[in-house]
Each structure stands twice: as structure tokens, then as C-alpha cells.
Amino acid sequence: MTTRHTLQLAALPFAFGFQVASTALVIIDMQRDFVEPGGFGETLGNDVSQLARIVPTCQVVLHAWRAAGGVVVHTREGHLGDLSDCPPAKLNRGQPTLRIGDVGPMGRILIRGEPGHQIIAELAPLAGEIIIDKPGKGAFYATSLHTMLQQAGITHLIVMGVTTEVCVQSTLREANDRGYDCLLLTDCTNSYFPQFKAAALAMVHAQGGIVGWTAASGGLLALL
Ligand code: C5J
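With the first letter of the sequence shown counted as 1, position 119 gets the number 338 in our numbering; the numbers rise by one all the way through.
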């Protein structure tokens, strides 16, 4: 198989056609701050063990995608140490046990460079893979992601990561508006709220794929 061969992946609402050469695997925010106890996710009152469940499946897909020679993008949500890129509306919202920038067990919450901001070891980026640090939920807001994807000739995205209805869905919508065909891997994304995950998946492929496509990872692995 050459990376320019068009593959057809069974998906909802219909087959997702893509070429590895023009497709990026985008892994959203698989950071310690969301997946491990003591980080941003837990300060908001969430059960982070929900998210850890998808890690082995994400790892299998990542390894297969690397072996196929595809472009890999990792994103991380986080802020500058002086919080100048964190709007007060985000900083002050709700009643978390610790706010963004406060010191927690994995360093300052959601701050770039802190231990909690790192991508989990199982999915750690390799040299040469794209890492996007983003201050918002969507990976295109205030980042160079679109420019980097265009430079790499990318037209299609295969997306996994957390959380389905927040950063994953925001990124899918941003990508869709920029003209990318996007597939979300259903067993490689998760939410702290199962009902929100189910609703977000349905929203993606409804109305003839108004935001994109969804499929479980097995079909992709078989094609690769
Ligand atoms: C959240 C994210 N949930 N990565 N961030 O605040 O989905």
C-alpha cells in the first residue's frame, strides 16, 4: 500500500475516503491534567478514571498510524505562566477545588511546562511529530495548526482524545469550517459524562455528516 492509495473506511453516516499521505492523526489533550488524578479535570469535580479507559486503544491506533507513515499531531490545552492568555471568564468560572495556575500535585494547574501539562507517557510524542499548545478548547484558536496542516498538504483528519464534547468537538467544528474532512474514532475518545459523549458522537455524523464522520478504530486498523 502506498500512502497515496485511497482507502475507504466504513463509517457513519457513510464511508470515509482518505489517503494516509494527506491525513493527520490528531490526538486532543491526552494530558496528565485531564487523565490523571490531581489535575485540571479532577479539580472540576470529575472522575478522571473514565478517560484513562481509552488509553490502550489510542496507543494501538497511534502505533499503527506511525507504522503507516502518517502525520501525527498532538494538542495540549494550557496557559502561559503569567496567565496572560487565560481570559478571566475561563479563570474565574465555577467553584473548582484549584483554579488554573494554582499549585496542585502535578505542578501548576493547566500551565505550560508543568508536569500536569505533559502528554501521558503511553502517548508521548516522538521527535518530528507536531505539538500544538492551545489556550482554548478548539485546536485552531490562537495556534498555527491550520498553517502547519496546509504546509503538510493535509486535507483529512482522524481525531481521537478528550473530552468528546468539549475540546474534541470544538476542534472538529473548527476543522470542518476550514474545509477538512474529519473522522472521530468512537473508542478513542471519551468524556467524564457518558451521555455527553453519546450526544456529541451523534451530533458529528447527523444530517449527512454535518461536522464529519464517526467509526470505531477496528476498521481503521484493518485498513492500515
Ligand atoms: C476541557 C478538554 N474539558 N480537553 N478540556 O476542559 O476537553
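Note that the Cβ used here is the ideal one computed from N, Cα and C, for glycine as well. Note that the coordinates shown come from a computational prediction; the quantities given were computed from them, not determined experimentally.
For Gly323, the secondary structure class from DSSP, reduced to helix, strand or coil, is strand.
With a cutoff of 7 Å, Ile247 counts as near the ligand C5J, since its C-beta is closer than that to a heavy atom of the ligand.
Between Pro315 and Gly257 a beta carbon distance of about 13 Å is seen, past the 8 Å cut, so the two are scored as non-contacting. Given a length threshold of 3 residues, each whole run of the beta strand (DSSP E) inside the segment 227 to 270 is given here in chain order: 235 to 237, 242 to 247. Secondary structure of Thr374 (DSSP, three-state): coil.
Your pair Gln250 and Ile338 checks out as a contact, with CB atoms roughly 6 Å apart and the cut at 8 Å. Put simply, the segment 358 to 376 does not touch the segment 319 to 333. Fewer than three CB pairs are less than 8 Å apart. Secondary structure of Asn409 (DSSP, three-state): strand. Boundaries for Glu384: no alpha helix (DSSP H) harbours it, and the DSSP string shows neither H nor E there. If you keep only unbroken beta strand (DSSP E) runs of at least 3 residues inside the segment 283 to 352, you get 290 to 296.
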